[in-house]
Each structure stands twice: as structure tokens, then as C-alpha cells.
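Chemist: Would you mind keeping the following structure in view while I ask a few things?
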Amino acid sequence: MTAMTTPMAFAAAAKRRALRTGVRRGLTEFRQQWTNRDDVLGQVVWLVLILTTLFFMRDAHLPGTSFSLGTATVPSVLGAGIVFNGLSGAAGQLVIDREDGTLLRAKATPNGMLGYLLGKIVSLSLMQVAGLVVVLVPCLFLFSGLASDGVWSWLNLLWVLVLGLLATLPLGAPIGSLIRDPRAMALVMLPVTGLTAISGIFYPITALPVWVQDVAQVFPMYWLGLGMRSALLPDSAVVVEIGQSWRPWWTLGVLVVWSVIGLALAPVLLRRMARRESGSSVAERRERALQRV
Numbered sequence: 045m046t047a048m049t050t051p052m053a054f055a056a057a058a059k060r061r062a063l064r065t066g067v068r069r070g071l072t073e074f075r076q077q078w079t080n081r082d083d084v085l086g087q088v089v090w091l092v093l094i095l096t097t098l099f100f101m102r103d104a105h106l107p108g109t110s111f112s113l114g115t116a117t118v119p120s121v122l123g124a125g126i127v128f129n130g131l132s133g134a135a136g137q138l139v140i141d142r143e144d145g146t147l148l149r150a151k152a153t154p155n156g157m158l159g160y161l162l163g164k165i166v167s168l169s170l171m172q173v174a175g176l177v178v179v180l181v182p183c184l185f186l187f188s189g190l191a192s193d194g195v196w197s198w199l200n201l202l203w204v205l206v207l208g209l210l211a212t213l214p215l216g217a218p219i220g221s222l223i224r225d226p227r228a229m230a231l232v233m234l235p236v237t238g239l240t241a242i243s244g245i246f247y248p249i250t251a252l253p254v255w256v257q258d259v260a261q262v263f264p265m266y267w268l269g270l271g272m273r274s275a276l277l278p279d280s281a282v283v284v285e286i287g288q289s290w291r292p293w294w295t296l297g298v299l300v301v302w303s304v305i306g307l308a309l310a311p312v313l314l315r316r317m318a319r320r321e322s323g324s325s326v327a328e329r330r331e332r333a334l335q336r337v
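Numbering (my numbering), first residue to last: 45 to 337.
Now the structure itself:
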């Protein structure tokens, strides 16, 4: 019995160490991103563009209401940002880590892939939350009518945010595992940009053809926007939604389904990609990168 439990206990201890290492790695990467001039500049530019766009929408109104279109668009933009940045961030970092050999080093460490995956989830989740706060806080002062239900609004926002992160971040791993050239990231994100256009982010989805509404409802971006709107907007804004309802149970169900899909695919595809990594493949990619330069 002792001979059997010792290896099991050793394996469990090794996994716990990998998890602790992954959390520490994620926190370190998060701090580094906020001390990197280019990353901080990118955040500032993005914030200015978003706030400027919303500011010029403040005098427009939702169809059939006196509610500001700018105010109604704030939560939609937050939801779309979680999807867009979650997918592109996870996929982009995976491509970079494969290029510079980080993934190969993780593969060579016991339970290294587990720690690597957890570290990425921690760092990217923190970046997403920080980005949401950076956008939302100024909007609370610029636009009236946000989070009017007080504590209930923030609790509602919390569960939508958690499920939104689970539904999007793991999907970045399958996308990143399919990309061979970092320059292809722009082409991969084009469909996400298209989803932004049809998901009711900048204008009510009910103004679009029914078949377009049906397509948008398959993907998490629409439901994240809807969940954010249900959390941050007053009930009077629901009149422009499909069925004039926030549909919280549908939002919960769809985001859970996408979370399960992503969490099931990510470890499998990461392990398969890691098995193909070797010193020669990293060197070959570096040589190609030098030739491009």
C-alpha cells in the first residue's frame, strides 16, 4: 500500500508545485506588461479611441427610447473587448512562446505545460480585468445610467465576467496552435472583427436581419455583450433586445457551453503541439524569422 501511495503522493505534490509556479508566473507576466512602455502605450491609445467614440455617441438615442446610445454601448464594448482581447491575447502569446522556445522549455519541465497554461490564464485574466476597469471607471463619470442597481449590478457583472473569461481565453489556445506564422494573426482575427459588426455592439442587434441575429447568437460575443448590458443598464434599455428580455439563463447556458468547449480543447491541442516541439524546430523558425527581417 505504501509503495503505491508514495508515487501517487509524489505526483500530486509535483502538480501542486506546478500550479504554484504557474500562478507566480502569471503574476510576474502581468506586472511586466504594465511596466513595458509599448504595452502601456497601447492601452492608453485604445482607451482614448474607445472613450472618444463613445463620447460622440452620447447625443444619439436607442430607437424608440430617450436612453443615450453612448451609455448603452459602454457594456457592449466591454463584452466585445473581452472576446477580442481574450482570443488574440492567448493566441498571440502562444505563437510568440513557440517562436522563442518558451513552449519547448515548458515541455521539458515536469508538469511544465500545466504551469504554463495556468500562468497564461492568470496573466491574461488579470490583464482583461485591468483593461475593463480602465475603460469602465471613466465611463461611470462620463455617462449617466450605468450600474444604477448598485450592488446587484456589480454582482451581475462579476458572474458575466468570470464566465466570459472562461468562454474566451481557452479558445485562444486552439487558435494559436493552428498558426504557423505570427503574421497570420491579422487574418485569423478578421472573423472576430466580423462578429463585432453583427453582435449588437455599436447598434441594437434587432435592427439587423433575423438570419444575421441567428448567426450572432451562436457565438459568445453577443451573449457577453448582452450579459454586460443586463448588469450595467437599467431595465428600460431592454426594449431594443431580442424578445425585449435580458435572457439571463440563455446567457449563462451559452457561456457555459463555450467554456466547456474551450477547456476541453485547449489542453489536448497544447499537448499535441508541445509533442511536435524540438530544438531543431525552434532553430528553424528563428532562421525563417531572421530571413524575413
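Glycine included, C-beta positions come from ideal geometry on N, C-alpha and C.
Would you call the segment 118 to 133 and the segment 170 to 183 in contact, with 3 or more CB pairs under 8 angstroms?
Modeler: Judged by Cβ distances under 8 angstroms, the segment 118 to 133 makes contact with the segment 170 to 183, as three or more pairs qualify.
Chemist: Between MET45 and the rest of its own chain, which residues show a CB-CB distance below 6 angstroms, the 5 nearest in sequence each way excluded?
Modeler: Summary for MET45: the model assigns pLDDT 46, below 50, so the residue's position carries little reliability; its value from the coordinates is reported in the next sentence. So the list is empty, once near-sequence residues are dropped.
Chemist: State the DSSP-derived secondary structure class of ALA47, mapped to helix, strand or coil.
Modeler: The pLDDT assigned to ALA47 is 49, lower than 50, so where the model puts this residue is not dependable, and the model offers no usable value.
Chemist: Should TRP255 go down as buried or exposed, given a rule of 16 or more other Cβ atoms within 10 Å for buried?
Modeler: exposed
Chemist: Is the segment 58 to 66 in contact with the segment 155 to 168, if contact means three or more CB pairs nearer than 8 angstroms?
Modeler: yes
Chemist: Assuming the contact rule is C-beta atoms closer than 8 angstroms, ILE242 and LEU252 should be a hit. Round their C-beta distance to whole Å, please.
Modeler: 6 angstroms
Chemist: Could you tell me the distance, in whole angstroms, from the CA atom of ARG319 to the CA atom of LEU231?
Modeler: Rounded to the nearest angstrom, the two C-alpha atoms are 26 angstroms apart.
Chemist: For the segment 143 to 185, list the alpha helix (DSSP H) runs that are entirely contained and at least 4 residues long, ordered along the chain.
Modeler: For the segment 143 to 185, whole alpha helix (DSSP H) runs of length 4 or above, ordered along the chain, are 146 to 151.
Chemist: Would you report the Cα separation of THR96 and PHE128, rounded to the nearest angstrom?
Modeler: 19 angstroms
Chemist: SER192 by DSSP, collapsed to three states: which one?
Modeler: coil
Chemist: DSSP on SER112, reduced to helix/strand/coil?
Modeler: strand
Chemist: Have a look at SER112, VAL312, SER169, VAL298 and flag the residue whose alpha-carbon is nearest the alpha-carbon of LEU131.
Modeler: SER169
Chemist: Using only the alpha-carbon positions, how far apart do LEU147 and ILE219 sit?
Modeler: 16 angstroms
Chemist: Any chance the segment 138 to 152 sits against the segment 268 to 275, with 3 or more Cβ pairs inside 8 angstroms?
Modeler: Counting C-beta pairs with one atom in each stretch, the segment 138 to 152 and the segment 268 to 275 have fewer than three that are closer than 8 angstroms, which means they do not touch.
Chemist: For VAL236, I'd like the list of residues in its chain whose CB is within less than 8 angstroms of its CB, leaving aside the five on either flank, ordered along the chain.
Modeler: VAL127, PHE128, LEU131, SER132, MET265
Chemist: Can you check whether the CB of GLY306 is closer than 8 angstroms to the CB of ILE165?
Modeler: no
Chemist: Just to confirm, are LEU191 and LEU276 a CB contact at a threshold of 8 angstroms?
Modeler: Correcting the residue type first, residue 191 is Ala in the shown sequence and not Leu. Against a cut-off of 8 angstroms, the Cβ pair of LEU276 and ALA191 comes out as a contact.
Chemist: Can you name the start and end residues of the alpha helix (DSSP H) that TYR247 belongs to?
Modeler: Where TYR247 is concerned, there is no enclosing alpha helix (DSSP H), because DSSP gives it neither an H nor an E.
Chemist: Using the rule of at least 16 other Cβ atoms within 10 Å of the residue's Cβ for burial, across every protein chain shown, is ARG60 buried or exposed?
Modeler: exposed
Chemist: Any contact between the segment 100 to 107 and the segment 200 to 214? By contact I mean 3 or more CB pairs, one from each, below 8 angstroms.
Modeler: no
Chemist: In whole angstroms, what separates the C-alpha of MET317 from that of SER221?
Modeler: 6 angstroms
Chemist: Thinking just about the alpha-carbon of each residue, which of SER110, SER167, LEU138 is nearest to the one in GLN76?
Modeler: SER167
Chemist: Could you name the residues of the same chain whose beta carbon sits closer than 7 angstroms to that of GLN172, not counting the 5 residues immediately before and after it, in chain order?
Modeler: If we look at GLN172 and ignore the five residues flanking it on each side, its Cβ neighbours are ILE126, ASN129, GLY130, LEU209.
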